[in-house]
Structures are given as C-alpha cells and as structure tokens.
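Chains as they are written, first to last, in the numbering used here: chain L, 1 to 279; chain X, 1001 to 1358. What follows is a single structure, written as structure tokens, with notes after it.
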Amino acid sequence: MSAASPMALRIEPGRIIAWLLLFGGGLLMVTPLAFMFATSLKDSSEIYDLAFFPAHPTLSNYVTVLSDGRFLRWFANSFGIAVAVTLSNVFFDSLVGYTLAKFQFRGRYLVFIAILSTLMIPTEMLVIPWYVMAKNFGWLDSYWGIMFPGMMTAFGTFLMKQFFETVPNDFLEAARIDGLNEFAIFWRIALPLVTPALSALAIFTFLSNWTAFIWPLIVTTSKELYTLPVGLTSFAVESQVQWELIMTGAALATLPTLTVFLLLQRYIVRGVVLAGLKG
Amino acid sequence: MAGIELQGLVKRYGKTQVVHGIDLTIEDGEFVVFVGPSGCGKSTTLRMIAGLEEIDGGTITIADRPVNRLEPKERNIAMVFQNYAIYPHMSVAENIGFGLYTAKLDKAEKRRRIEETARILGLEPLLERKPSALSGGQRQRVAIGRAMVRDPAAFLFDEPLSNLDAQLRAQMRLEIKRLHQRLGRTIVFVTHDQVEAMTLADRIVVMRDGRILQVGAPMELYEKPADVFTARFIGSPTMNILPAKTSTADGKAKLELAGNTIALPPRPTALPAEVLVGVRPQELRVLAPGETADLVLTGKVAVVEPLGSETFVHVEHGDGLILASAPAKAPPFVGHDVRLGAGIDALRLFDAATERAL
C-alpha cells in the first residue's frame, strides 16, 4: 500500500550532472580495458579494422600465449616478486612506523624526516644509484636485484606511522603489564589494530610491483628473470607487433590486479580514504 | 603482605618536577583513592607504581620488595585503564585470558579461571562476544576481569569510571567496592571525582601540584580538612569560604564575620588576625522567621536548585554567592531576602595567609 514519497522521486539537477561526469570518466577508464579484452578475442586478420566487437571471437590467442612457456615464467616471476616485496613491506614498514610512532628516542624526528624526504626523489633519479649498488654487490640480473629497492618504502613507513599514532597507548601499556615483550606487543596487539592500513599498504605494494617496469627492465638481462610487463614488451618486439597476442598477454596480466581489486575493493577504498585522512 | 610503600617518590619531565617526594604507606588489602584536580600528579604516581613511568627519585616497595628496577610484568600488579584498553580484535574470553599470558598454566586451568572470573563479573553469556558488541559497563567489567584473573598482589585503577554515564558509574562503583570486599586485595584507585573517592576509599589521598595535601579516612577529610583546598575539594556541593577577623578580649578569642561576633572555644595556640571560615552548604540552613543561630548571614536568593531530598539556595552575599540548604518542600523564592544560619560546630577556621586549618 505504501507509495514512494515525492522526496524519493525528486532527483536534483546537480546529481544528474555528477552522474554524467562520473559516467564519462568511467567510460574513459573502461574503454581501453574493454578494447584490450575484445582485441584478445580477435583473429589476426581482424586486428586493423578497428571494430570493437570481434566478428569471429576466438580463444586461440589465449591458447598460443599460455602454451608459450615464457609467459607463464614471467607471470610467476611477477607474482613471486610482488608477493615477496609486499610481505617485506607489510612487515618492515609497520615495524619502523610503529617504532617511530610509539617510542621516544633521541633523533626520532630526524629519522622520520630523513625517511619522509626520500618521498620527494623520483624513481628515475634513483635508478642509477640503484644500478651502481646492484652492480657493486653483484645483484644485477637476479631476483634480489629486482626486489631490493622496494623491500621497504618511505610511503609505507609514513602510512603505518600515521596509523599507529592513532592506537591508544593504553592498549600497549595494558599488554606490557600483562607480560608481553615489546615485539609481542607489536605483533599481537598493535598490528591487528591497524588491519585496514595494513590491507591498504599490501594492496598498493602488490599492485605497484605487479606493474613495475623500468627497474626490472634495467636490472635484468636474462629473459627467464623478466617480469610480466618487461616480458610483454619483449614479446611485442619479437612477435613483430602481433597485437592480438600482446593484448591477450596484457589481458592475462590484469587478471591478478582485477582479482585483488574485486576481492579487496572495500579495503582499497577505505585505505585511500584513511590514507587521505591520516596523512 | 601486599602493601605498597612510596618513599620520597619524585618524577620529572625534563626540567619540570611533577611529583615532589611523595611518602605514603598503603596497607595490605587497603582501598586507597588518589584524588585531585587534573595535573596534580595522581595518575603519574599510579603509573610509577605500575612501572609505566620511570622513577626519578625515591623508592617504591610492593609486598616488601623494592620494584624500582622491575618491569611492569614483574611487579605482580594489574591495572585497569580509563578507556578500558580491552583488545578489540579479541573476544571477551580471549581478553580475560590475556591476563594469564605469562602464567604457566595448562589450557584447562586457564579456561577454568576465565570462566570463574566471568561468573563473578556476570560476563558468562558474553564470553564469545567481541568488545564492539558490549556496552560501556560490560567493557569495563572485561577490563576488571583481565586484571582479576591473574590474582595480582594489587589492583591499580586509573580513572576507570570516567567514560561511563552517571547511572552506570554509580553501579560500577558499587561493583568495585563489592569486588574489593570479596577479594580483599590492595587497591589503588585514581579519580578526580570526590564522590568516587568518598564512597570507595578506606583512605583518601588528596593531591595537588605533585604533593600530598592530606591522607585520611573519607569522613576524617570531610570533617577535618587540613587546608582550604581539601575543604573545598572534598564534599559536594563545595564548602563556602568566607573571610573573617579574630580578636581577643579578656583572654577569650572571638570571631568577627559579617556583623556576627562569635565567641570561640579556648585554643592552645593564638589565632591569626585574618582567617577564613569554612561552612558546608548542608550546615548553613535557611532560617525560619524568628529562628537564630551562632552565625547568621543575610542576602537575596539568586538561584534555587531543588534536588528532591533537599534544596540548595545560592544567596547573594557581599560580592559573591554563598550556598545554603533549605527544606525540600518549602524552599525560598528567587529575589526574596533570606537569613542563613549555622552553629559554631559547623565552622572550620583556616589561616588566611597559609590556608592551613587552625
């Protein structure tokens, strides 16, 4: 018997404009992605007619790419590196962030500023020192060589410090009285209290390492050590720009990203919001 | 014996000294309340007893054992914090059980002690709940449970009722008092609420500016405050303080206050010329027509506060207001002139210069 109230039916003009803007922005973002998936289903003869939908959709490109052992190797490399770097960041950034947030010691502020100041140096400027360092330590063309610059980040440390500062000291002091040592307080009490920040950090770190290109390209020479973005580029060169295969590889490469996003979008959005608030 | 002894306790933050050589002996099983305004050093003192603050001077002894250099976990004390400090990611049972973190007990024994504690505190049906699903009072009970389960030598409470509403606060006050009677453990309780101090304590320690002003049983502090600060801090509503002069004629001391000349009982020492007279609102009554008293003050009624059982009346007197009590059922009206009266036994004298009791 209930009828919708006039209030519920009235749509404000501002809202319509906002929807249109969001729709336009969404379309701009999604179209290349959709075109990539569509192209991955096209036959090589259809590539240059630029029709959005394939006339004869086929999965043969996927079969070709997945049966090429190199693709799976690069995929595994990227995945392994992204997971290892993520775990390292989650642990070490939290540990340093916690220390800076919760312990009083001489030079604490100086250390924090020093860490923070590295945020202002662009990656392009760091590549040469990293390369020299990797060369001197014998890390060129190795997994460790790809991973070492990202094992801890200033952004992650900053993010975690800001979050740990919101954890009331009473929790830590209660744990101290309950008999926990300092590491146990960090691990069992403080860390579970910043799970949203931790999730956000893990997601950002995974995604940025999954898509990392410049440094893995520079530090590796052996093809079996390539990460997926580097491998796909070499794929493009070798296959004389077989776009259908490149698009198929790229489509496959987005799957982990999409999976992570779909599974954890709640945390990503919250992480972005909180990072903004706390930062 | 799980008494606590503080000797010459000092705390500094940088160059600022916040606790100035406190001496205090807390007997085994005693319920002692530290009370004072914000920044008086009461919480800092409690945290030094707990081991959460470094000690800059003096000695703390718990159960006849100096603990200055011991970690909090080695002091065999338990603490309940103002904001409960129960871990939000753990269930009630896990929170209570966390108090047994270092105890070398088997799982069955741990479970038995958790359940026993929960039973005492009425938390049995809530054991599997997370703190977010509990009310403020239930959370505070969980915090107390975590402290209780360890069977510590002493409990330290740092303003544990401040975050609760008035009704719940009164209920928790009762529960804490019953818990003390049941367990018989030493309790050191910090509050800025004098009602909590009066109702809970065996002895109250009044602190100000990092010093102990007075230590005594609640009624002792109420009846015989050592100084104006304690007199005004203990008791609700606040004691009226009025300036007065003294004189001596024929070897007998007299008090001159607002037109009254009151003969004072003989004293072993001479009174200073300038004094402050304290009189509690409950003992300064609105007089009926024709009624008289040792001290009589007059003024115009500014505000009437009916409380049900009694009524408080703010009366304009001199440049300020004084507070008196009136019968609940026949209070005076605002704007009316009234006479207020108090007996000589209700008057407390303080030195106007030092503000110490005479």
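Backbone N, C-alpha and C define an ideal beta-carbon position, used for all residues, glycine too.
Q | Per DSSP, cross-strand counterpart(s) of X/Ala1342 | A | For this step, residue 1342 of chain X is matched to residue 342 along the second sequence. According to DSSP, which records beta bridges pairwise, X/Ala1342 is partnered with X/Leu1295.
Q: Rank X/Glu1054, X/Ile1262, X/Glu1053, X/Arg1141 by C-alpha distance to the C-alpha of X/Val1092 and give the top, closest one.
A: Start at 1 with the first residue of the second sequence, and residue 1092 of chain X comes out as number 92. Among X/Glu1054, X/Ile1262, X/Glu1053, X/Arg1141, the Cα nearest to that of X/Val1092 belongs to X/Arg1141.
Q. What in chain X is Cβ-close to L/Ile189, meaning under 7 Å?
A. Start at 1 with the first residue of the first sequence, and residue 189 of chain L comes out as number 189. Correct list: Tyr1087.
Q. Can you give the Cα-Cα distance for X/Phe1155 and X/Val1188, rounded to whole angstroms?
A. Numbered from its first residue, the second sequence carries residue 1155 of chain X at position 155. Numbered from its first residue, the second sequence carries residue 1188 of chain X at position 188. One C-alpha to the other measures close to 6 Å.
Q. Is the Cβ of X/Arg1078 closer than 8 Å to any Cβ of chain L?
A. Position 78 of the second sequence holds residue 1078 of chain X. Looking at the sequence itself, residue 1078 of chain X is Ala, so the reference to Arg does not match. Yes, X/Ala1078 counts as interfacial toward chain L.
(Q) My output table needs one value for X/His1180: the three-state DSSP class, helix, strand or coil. (A) Here residue 1180 of chain X refers to the residue found at position 180 when the second sequence is read from its first residue. Here X/His1180 sits in helix by DSSP.
Q: Identify each residue in the stretch 164-186 of chain L for which the Cβ-Cβ distance to at least one residue of chain X is less than 7 Å, and report them in chain order.
A: Pro168, Asp170, Phe171, Glu173, Ala174, Arg176, Ile177, Asp178, Gly179, Leu180
Q. On the premise that X/Leu1242 lies in contact with X/Ala1253, defined as a C-beta separation below 8 Å, what is that separation, rounded to the nearest angstrom?
A. Within the second sequence, the letter at position 253 stands for residue 1253 of chain X. Within the second sequence, the letter at position 242 stands for residue 1242 of chain X. Not really, about 17 Å apart at Cβ, beyond 8 Å.
Q. Which of the three DSSP states, helix, strand or coil, is assigned to L/Phe103?
A. If you number the first sequence from 1, residue 103 of chain L lands on position 103. Coil, per DSSP.
Q) Taking X/Ile1176 as the reference, which of X/Ile1204, X/Ile1144, X/Met1207 has the closest Cα? A) Sequence index remark: in the second sequence, residue 1176 of chain X carries index 176 (1-based). Nearest C-alpha to X/Ile1176: X/Ile1144.
Q: Can you grab the Cα-Cα spacing for the pair X/Leu1307 / L/Gly14, in whole Å?
A: To locate residue 1307 of chain X, count along the second sequence from 1; it is residue 307. To locate residue 14 of chain L, count along the first sequence from 1; it is residue 14. Their Cα atoms are separated by approximately 54 Å.
Q) Does the beta carbon of X/Pro1218 sit closer than 8 Å to a beta carbon anywhere in chain L? A) To locate residue 1218 of chain X, count along the second sequence from 1; it is residue 218. No, because no Cβ of chain L sits closer than 8 Å to the Cβ of X/Pro1218.
Q. Given a limit of 7 Å on CB to CB distance, which residues of the stretch 1041-1067 of chain X reach chain L?
A. Ala1050, Leu1052
Q: Starting from the Cα of X/Pro1327, find the closest Cα among X/Leu1340, X/Gly1318, X/His1317 and give me that residue.
A: Taking the first residue of the second sequence as 1, we reach residue 1327 of chain X at position 327. The candidate whose alpha carbon is nearest that of X/Pro1327 is X/Leu1340.
Q: Determine whether the Cβ of L/Leu193 lies closer than 8 Å to any Cβ atom of chain X.
A: Position 193 of the first sequence, counted from the start, is the residue given in the question as residue 193 of chain L. Chain X contact via Cβ: present.
Q. At least one CB of chain L closer than 8 Å to the CB of X/Tyr1013: is that the case?
A. For this step, residue 1013 of chain X is matched to residue 13 along the second sequence. With 8 Å as the cut-off, X/Tyr1013 does not count as an interface residue toward chain L.
**Q.** Beta-ladder partner(s) of X/Asn1240, from DSSP
**A.** Walking along the second sequence from the start, residue 1240 of chain X turns up at place 240. X/Val1279.
Q. Going straight from the alpha carbon of X/Leu1121 to that of X/Ala1197, what length do you get?
A. Stepping through the second sequence from its first residue, residue 1121 of chain X is reached at position 121. Stepping through the second sequence from its first residue, residue 1197 of chain X is reached at position 197. Roughly 22 Å separates the two Cα atoms.
**Q.** Given 8 Å, three or more beta-carbon pairs between the stretch 1038-1051 of chain X and the stretch 140-148 of chain L
**A.** no
Q: Check the Cβ-Cβ distances between X/Asn1083 and every residue of chain L, and say whether any is below 8 Å.
A: As a working note, residue 1083 of chain X is residue 83 in the second sequence. Yes, because at least one Cβ of chain L sits closer than 8 Å to the Cβ of X/Asn1083.
Q | Proximity test, Cβ basis, 8 Å: X/Asp1151 and chain L | A | The count along the second sequence starts at 1 and reaches residue 1151 of chain X at position 151. No, X/Asp1151 lies away from the interface with chain L (no Cβ there is under 8 Å from its Cβ).
Q.
Please give the ranges of any alpha helix (DSSP H) in the stretch 161-192 of chain L, keeping only runs that are unbroken, at least 4 residues long and fully inside the region.
A. 169-178
Q. Are the C-beta atoms of X/Tyr1222 and some chain L residue less than 8 Å apart?
A. As a working note, residue 1222 of chain X is residue 222 in the second sequence. It does not; no Cβ of chain L falls within 8 Å.
Q | N- and C-terminal bounds of the beta strand (DSSP E) containing X/Ile1004 | A | By one-based count along the second sequence, residue 1004 of chain X stands at place 4. Counting along the chain, the beta strand (DSSP E) containing X/Ile1004 begins and ends at 1004-1013.
Q: Below 7 Å CB to CB, which residues in the same chain sit around X/Lys1073 once its five sequence neighbours on both sides are set aside?
A: Indexing the second sequence from 1 puts residue 1073 of chain X at position 73. Hits under 7 Å: Thr1102.
Q | Cutoff 8 Å: X/Thr1102 Cβ touching any chain L Cβ | A | Stepping through the second sequence from its first residue, residue 1102 of chain X is reached at position 102. Taking Cβ atoms only, chain L reaches closer than 8 Å to X/Thr1102, which makes this a yes.
Q. Going by C-alpha distance, which of X/Thr1230, X/Asn1083, X/Asp1028 is nearest X/Asp1202?
A. In the second sequence, the residue the question calls residue 1202 of chain X occupies position 202. Of the listed residues, the one whose Cα sits closest to X/Asp1202 is X/Asp1028.
Q: Please check if any C-beta of chain L sits within less than 8 Å of the C-beta of X/Phe1098.
A: By one-based count along the second sequence, residue 1098 of chain X stands at place 98. Answer yes: the Cβ-Cβ gap between X/Phe1098 and chain L drops below 8 Å somewhere.
**Q.** Of the listed residues X/Lys1110, X/Leu1046, X/Asn1095, X/Gln1007, nearest to X/Arg1065 (C-alpha basis)
**A.** Translated into positions along the second sequence, residue 1065 of chain X becomes position 65. X/Arg1065 has its Cα closest to that of X/Gln1007, out of X/Lys1110, X/Leu1046, X/Asn1095, X/Gln1007.
**Q.** Endpoints, the beta strand (DSSP E) within which L/Thr227 is located
**A.** Within the first sequence, numbered from 1, the residue matching residue 227 of chain L stands at position 227. It is not in any beta strand (DSSP E) - L/Thr227 carries neither H nor E in the DSSP assignment.
**Q.** L/Ala200 vs L/Ile189 beta-carbon contact at 8 Å
**A.** As a position in the first sequence, residue 200 of chain L is number 200, starting the count at 1. As a position in the first sequence, residue 189 of chain L is number 189, starting the count at 1. No, Cβ-Cβ distance for L/Ala200 and L/Ile189 is not below 8 Å.
**Q.** Buried versus exposed, by CB contacts within 10 Å (16 or more), L/Leu277
**A.** As a working note, residue 277 of chain L is residue 277 in the first sequence. With a pLDDT of 43 at L/Leu277, under the threshold of 50, the modelled position of this residue cannot be trusted; read the value that follows with caution. So L/Leu277 ends up on the exposed side.
Q: Report the three-state DSSP secondary structure of L/Thr221 (helix, strand or coil).
A: On the first sequence, residue 221 of chain L is found 221 positions in, with the first residue counted as 1. L/Thr221: coil per DSSP, three-state reduction.
Q | Boundaries of the beta strand (DSSP E) in which X/Asn1260 is found, first to last residue | A | Looking up residue 1260 of chain X in the second sequence gives position 260. Unbroken beta strand (DSSP E) run through X/Asn1260: 1260-1263.
**Q.** Whether X/Val1279 touches X/Leu1183 by CB criterion (8 Å)
**A.** On the second sequence, position 279 is the one that residue 1279 of chain X refers to. On the second sequence, position 183 is the one that residue 1183 of chain X refers to. It is not a contact, given that the beta carbons lie outside the stated cut-off.
Q: Return yes when the Cβ of L/Leu252 is within less than 8 Å of the Cβ of L/Val83, no when it is not.
A: Residue mapping note: residue 83 of chain L aligns to position 83 of the first sequence, counting from 1. Residue mapping note: residue 252 of chain L aligns to position 252 of the first sequence, counting from 1. It is not a contact, given that the beta carbons lie outside the stated cut-off.
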